[in-house]
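Visitor:
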Amino acid sequence: MSDTGRTSPLIRVLLVLLCMVLATGLAQAYELTIDAPTTLQRGMPLVVNGTSNIPPGISVEVVLSKSGHTVEEIARETVTLQANQEFSVVFETFDLSRGIYKVEVPPISGYRYLGNSVTLRVIEIIDRSDELRFTAFLTQEMDGTLDIAGSIYGLKNSGVQIEAIGPGGEVVFGPDYVSTKSDGTFELEIPITGPGVYNVSFSDYKGYVGRVSVTVIDIPEPTTLPTTVTTTLPVISASSPASRDDPAVFSVQTGSNKVRISTSPGIDWVMEYTDASGAVQKVNVKGEMDGEEVLVDGTGGVITVTVYPFKYSASGEVTLSVQGASSVTAASDEPAGTTGIGSSLTESAPLSAIVVISAILAVTFLLFLRRR
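Just so we're aligned, residue 16 is where the sequence shown starts under my numbering, counting upward by one.
Structure, rendered in structure tokens:
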């Protein structure tokens, strides 16, 4: 037998072994594929499903990013592959703006060659939330019902699908369709059992429109406020003639309240008083048309107020009005003996009588001498 004949079986064996190795290698090629919607309404959950023949127990990351001049990572989720070779992750989109996004699986350590894998998907987030006009209160008191009202742009004589999720994640209404009026508005009262944040979603025949969060609060307990009675302090007054040379003097008996003191108009009055610190204050700002006015602290004692005209040629009667004091008196109204004038009159009366009697006695004595 020739050498060629002896070699042919050997070559065949080698070829078979090579094919078996190649087949085994192809059988062991790992793949990973993810799937996601190409468009999605903002507010709807972004569900990314995947399959892989990578051995179970390996962790895989799925990254959501916004595309643009620079890539902005939004969120990242980690899943552990299971024996059924399937996995799924969910990204919330309620806080996303409209635009182009992508989800991808970064390279996996130890499994960089994944054959015909699909590890990236591009998604367009659309936003219809501006078509929704919600007119009910976003904060409502707990009265047993959740008030829903609003309209969807362009939706008339049709229906809007509403779903309400309670604070604990429970569905409290829907998803059910509610009819709209001819102007596109809708109203609904949903029975509820407690306060909290309720997420209400809206959809129409085009799909998802948007979501509104309504906060329901407990009705506050009524509180009884103390009744405050505002009392108006009485105004009392006294009058006295006043001139530049002979000013009017008033005594104001004060307490603990502030005291408002004012003069009558008609003459340009000057008002002087001594404040709580002992300083003499002069008030003259109003002129003839309005009376002077001042607010002083009550000292519990007597405040002496002197009033006289600004002009030397002027004179007349001035009325001093006081609010917040217990009394006001003019010097001319005080009882005899309590002022300098009264004291002078009381002491001069006996002196005049003595002079008269002395004069009579002197005249009598002179007449007696002449007769002798």
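Just so you know, even glycine gets a beta-carbon here, dropped at the ideal spot from N, CA and C.
1) Near Y126, what residues of its chain come up, given a Cβ to Cβ distance below 7 Å and the 5 sequence neighbours on each side ignored?
2) Using DSSP with H/G/I as helix, E/B as strand and the rest coil, what is S279?
3) Around the C-beta of E307, are 16 or more other C-beta atoms found within 10 angstroms, so that it is buried, or is it exposed?
4) Can you tell me the Cβ-Cβ gap for T48 and T66, rounded? I've got them flagged as a contact below 8 Å.
5) When you compare each of D145, T334 and S103 to P256 by their alpha carbons, which one comes out closest?
6) Identify which residue in S271, G302, I282 and V320 has its Cα closest to the Cα of A294.
7) For E287, report the span of its beta strand (DSSP E) as first-last.
8) Between S254 and A346, which are expected to be in contact by the criterion C-beta below 8 Å, what is the C-beta distance as a whole number of angstroms?
9) Please check if any C-beta of chain B sits within less than 7 Å of the C-beta of L111.
10) If we ignore side chains and look at the alpha-carbon of each, how far apart do P121 and T108 end up?
11) Pull up the distance between the alpha-carbon of K408 and that of G302, whole angstroms please.
12) G169 and F149 - do their beta-carbons sit closer together than 7 Å?
13) Within 10 angstroms of the Cβ of V63, are there 16 or more other Cβ atoms? Answer buried if so, exposed if not.
14) May I ask you to verify whether the segment 180 to 194 touches the segment 204 to 218, counting CB pairs closer than 8 Å and requiring at least 3?
15) Nearest CA to the CA of V229: which residue from Y116, E76 and L153?
16) In chain order, what residues of the same chain have a beta carbon less than 6 Å from the beta carbon of A329, not counting five sequence neighbours either side?
17) Applying the 10 Å Cβ sphere with the 16-neighbour rule, what's the burial state of A291?
18) Beta strand (DSSP E) containing T344: first to last residue?
19) Mapping the DSSP letters down to three states, classify D158 as helix, strand or coil.
20) Can you have a look at L129 and say buried or exposed, based on whether 16 or more other CB atoms are within 10 angstroms of its CB?
21) Rounded to a whole number of angstroms, what is the C-alpha to C-alpha distance between G315 and S266?
22) Roughly how many whole angstroms lie between the Cα atoms of F183 and G114?
23) Considering Y192, what are the terminal residues of the beta strand (DSSP E) in which it resides?
24) Give me the Cα-Cα distance between V250 and A340, rounded to the nearest whole angstrom.
25) What residue does the beta strand (DSSP E) around V118 start on, and which one ends it?
26) Leaving out five residues before and five after L135 in sequence, what residues of the same chain have Cβ atoms less than 7 Å from its Cβ?
27) If you draw a straight line from the C-alpha of S277 to the C-alpha of S342, how long is it?
28) Compare the beta carbon distance of E156 and I205 with 7 Å and say whether it is the shorter of the two.
29) Which residue's Cα is closest to the Cα of T53: V137, G331 and G222?
30) If distances are taken between C-alpha atoms only, which option among R91, L310, V298 and G313 comes closest to S75?
31) Can you tell me whether V104 is buried or exposed, with buried defined as 16 or more other CB within 10 angstroms of its CB?
32) Residues in the same chain with beta-carbon distance under 8 Å from T195, minus the five sequence neighbours each way, listed in chain order, please.
33) With a Cβ-Cβ cutoff of 7 Å, do I140 and L111 count as a contact?
34) Assign I163 to one of two classes, buried (16 or more other C-beta atoms within 10 Å of its C-beta) or exposed (fewer than that).
35) Quick one: residues in its chain with C-beta nearer than 6 Å to the C-beta of V133, no 5 flanking neighbours on either side, listed in chain order?
36) Quickly, what does DSSP pair Q97 with across the bridge? List them, please.
Guide: Answer, in terms of the structure:
1) Counted from its first residue, the sequence shown places residue 126 at position 111. Y45 and I69, listed in sequence order.
2) Here residue 279 refers to the residue found at position 264 of the sequence shown. In the structure shown, S279 sits in coil (DSSP, three-state: anything other than H, G, I, E or B).
3) Taking the sequence shown and counting its residues from 1, the one referred to as residue 307 is at position 292. E307 comes out buried.
4) Against the sequence shown, residue 48 aligns to sequence position 33. Against the sequence shown, residue 66 aligns to sequence position 51. So it is a contact: roughly 5 Å between Cβ atoms.
5) Here residue 256 refers to the residue found at position 241 of the sequence shown. For the options D145, T334 and S103, the alpha carbon positioned closest to that of P256 is the one of T334.
6) On the sequence shown, position 279 is the one that residue 294 refers to. Minimum Cα distance to A294 is reached at V320.
7) The residue you call residue 287 lines up with position 272 of the sequence shown. Run containing E287: W284 to T289, per the beta strand (DSSP E) assignment.
8) As a position in the sequence shown, residue 254 is number 239, starting the count at 1. As a position in the sequence shown, residue 346 is number 331, starting the count at 1. Actually they are not in contact, since the Cβ atoms of S254 and A346 sit about 12 Å apart, beyond 8 Å.
9) The structure shown contains no chain B; it is built from a single protein chain.
10) As a first step, residue 121 is located in the sequence shown; it is residue number 106 there, counting from the start. As a first step, residue 108 is located in the sequence shown; it is residue number 93 there, counting from the start. Distance between the alpha carbons of P121 and T108 is about 21 Å.
11) Because the chain in this structure spans residues 16 to 387, residue 408 falls outside the shown range and cannot be described.
12) Taking the sequence shown and counting its residues from 1, one reaches residue 149 at position 134. Taking the sequence shown and counting its residues from 1, one reaches residue 169 at position 154. Going by C-beta atoms, F149 is not nearer than 7 Å to G169.
13) What you label residue 63 is simply residue 48 of the sequence shown in a count that begins at 1. With 16 or more Cβ atoms within 10 Å of its Cβ, V63 is classed as buried.
14) yes
15) Within the sequence shown, the letter at position 214 stands for residue 229. Nearest option by C-alpha distance: L153.
16) Taking the first residue of the sequence shown as 1, we reach residue 329 at position 314. Correct list, in chain order: I282.
17) As a first step, residue 291 must be located in the sequence shown, where it is residue number 276. By the 10 Å Cβ count, A291 comes out exposed.
18) For the purposes of this step, residue 344 is taken as the residue at position 329 of the sequence shown. T344 -> beta strand (DSSP E) spans S342 to A345.
19) Mapped onto the sequence shown, residue 158 falls at position 143. Coil, per DSSP.
20) Numbered from its first residue, the sequence shown carries residue 129 at position 114. Under the 10 Å beta carbon count, L129 is surrounded by 16 or more other beta carbons and is classified as buried.
21) Residue mapping note: residue 315 aligns to position 300 of the sequence shown, counting from 1. Residue mapping note: residue 266 aligns to position 251 of the sequence shown, counting from 1. In a straight line, the C-alpha of G315 is about 13 Å away from that of S266.
22) Here residue 183 refers to the residue found at position 168 of the sequence shown. Here residue 114 refers to the residue found at position 99 of the sequence shown. A small fix is needed here, since residue 183 is Gly in this sequence, not Phe. One Cα belongs to G183, the other to G114, and the distance between them is close to 31 Å.
23) Here the question's residue 192 lines up with position 177 in the sequence shown. In the DSSP assignment, Y192 falls within the unbroken beta strand (DSSP E) covering V186 to S194.
24) Sequence index remark: in the sequence shown, residue 250 carries index 235 (1-based). Sequence index remark: in the sequence shown, residue 340 carries index 325 (1-based). Taking the straight line joining both Cα atoms gives about 8 Å.
25) Within the sequence shown, residue 118 is the residue found at index 103, counting from 1. It spans G114 to E119 - the beta strand (DSSP E) in which V118 sits, taken as one unbroken run.
26) Along the sequence shown, read from residue 1 onward, the residue named residue 135 stands at position 120. Excluding positions up to five away in sequence, the list reads K117 and E119.
27) Counting from one through the sequence shown, the residue named residue 277 turns up at place 262. Counting from one through the sequence shown, the residue named residue 342 turns up at place 327. When rounded, the distance between both Cα atoms is 14 Å.
28) Sequence index remark: in the sequence shown, residue 156 carries index 141 (1-based). Sequence index remark: in the sequence shown, residue 205 carries index 190 (1-based). No, these two residues do not count as a Cβ contact at 7 Å.
29) In the sequence shown, counting from the first residue as 1, residue 53 sits at position 38. Ranking V137, G331 and G222 by Cα distance to T53 puts V137 first.
30) Position 60 of the sequence shown, counted from the start, is the residue given in the question as residue 75. It should be noted that the sequence gives Val, not Ser, for residue 75. When only C-alpha atoms are compared, the closest one is R91.
31) Residue 104 sits at position 89 when you count from the first residue of the sequence shown. Buried, by the Cβ-count rule.
32) Counting from 1 along the sequence shown, the entry for residue 195 is found at position 180. Cβ within range, chain order: S166, I167, L170, K171, N172, S173, G174, V175 and F201.
33) Residue 140 sits at position 125 when you count from the first residue of the sequence shown. Residue 111 sits at position 96 when you count from the first residue of the sequence shown. Against a cut-off of 7 Å, the Cβ pair of L111 and I140 comes out as a contact.
34) Counted from its first residue, the sequence shown places residue 163 at position 148. I163 comes out buried.
35) For the purposes of this step, residue 133 is taken as the residue at position 118 of the sequence shown. Contacts found: T48.
36) Translated into positions along the sequence shown, residue 97 becomes position 82. In the DSSP output, where bridge partners are listed per residue, Q97 has none listed.
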